[in-house]
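For the sequence shown, the positions run 698 to 921 when the working numbering is used. To start, the structure itself, in structure tokens.
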Amino acid sequence: MREAETPFLAEGVPLMERASAALAAETAALLEELLTESGGVPDARVLVLAGAGNNGGDALHAAALLAAQGALVTIVPTSAQLHDGGLSAALAAGAALLPLAETDAALARVARVSAVILDGILGTGTSTSPALRGRAREVVAAILPALHDPGAPLVVAVDSPSGIGVDDGAVPDPTVLPAHLTVTFGGCKPGLLREPAASLAGRIVVADIGIGDELERIAARDRG
């Protein structure tokens, strides 16, 4: 996937803009389905878990689009540094940013009143074990119990659930938010279809961000 993206990024193709627009559209559709009686996106509470990389950038730009439609967006950082452009866009659209050191109790409370949680902590960019560590793991551990409540929020994974192996489907640590929906970009990652990760991916939507032909070229080359 990263190889397929490289020539487009070099030419300045706005892949993150395309990905975040698709993510926001799928999340809005889910909110419309969940909250038909209350009007869908306007005033819907959306919790965004954002990591430092492009996965977090996708989530933050989607947060900006949802906030512009009237959603009440709260951002939980899992790193001291977030994607600058995404964070600026989200805050400008009216999203709220919680402190990095927010208490577990406060994180659980905000999760419980949310309709949807966007999991934008880790994506395909990690080159080490996919298991969550440090603050990211603490945040997910604090929020996980809220998913067992009646009327629990639904999780939308950004590209893949954070903490799974996107190639082999490994789940080295059970501290993973099980997704109701995974919006993955360009093509379906193999790990989303392999257990045990497949059971955590929920419904999978592959969003077209314009790199399909390049993915096919690379696949044909690798087949020899």
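We put the beta carbon where it would ideally sit given N, CA and C, even for glycine. Every value quoted in this text rests on a predicted model; they were computed, and no experiment measured them.
Contact between H780 and G737 does not hold, since their C-beta atoms are separated by about 27 Å, which reaches or exceeds 8 Å. Around the C-beta of H845, fewer than 16 other C-beta atoms lie within 10 Å, and the residue is accordingly described as exposed. Taking the Cα positions, L841 is about 13 Å away from L815.
Of the other Cβ atoms in all chains shown, 16 or more fall within 10 Å of the Cβ of T879; this residue is therefore buried.
Non-local beta-carbon contacts of T771 in its own chain, meaning distances under 6 Å to residues more than five positions away in sequence, involve L744, A793 and V807 in chain order. Taking the Cα of A789 as reference, the smallest distance to any Cα among V813, A805, L804 and A764 is reached at A764. A distance of 8 Å or more separates the beta carbons of P858 and V836. Inclusion of V863 and G888 in the CB contact set at 8 Å is warranted, their separation being smaller than that value.
For R832, the uninterrupted alpha helix (DSSP H) run begins and ends at G831 to I840, by DSSP. T771 has L744 and A793 as its beta-bridge partners, per DSSP.
Around the beta carbon of R742, 16 or more other beta carbons sit within 10 angstroms, so the residue counts as buried.
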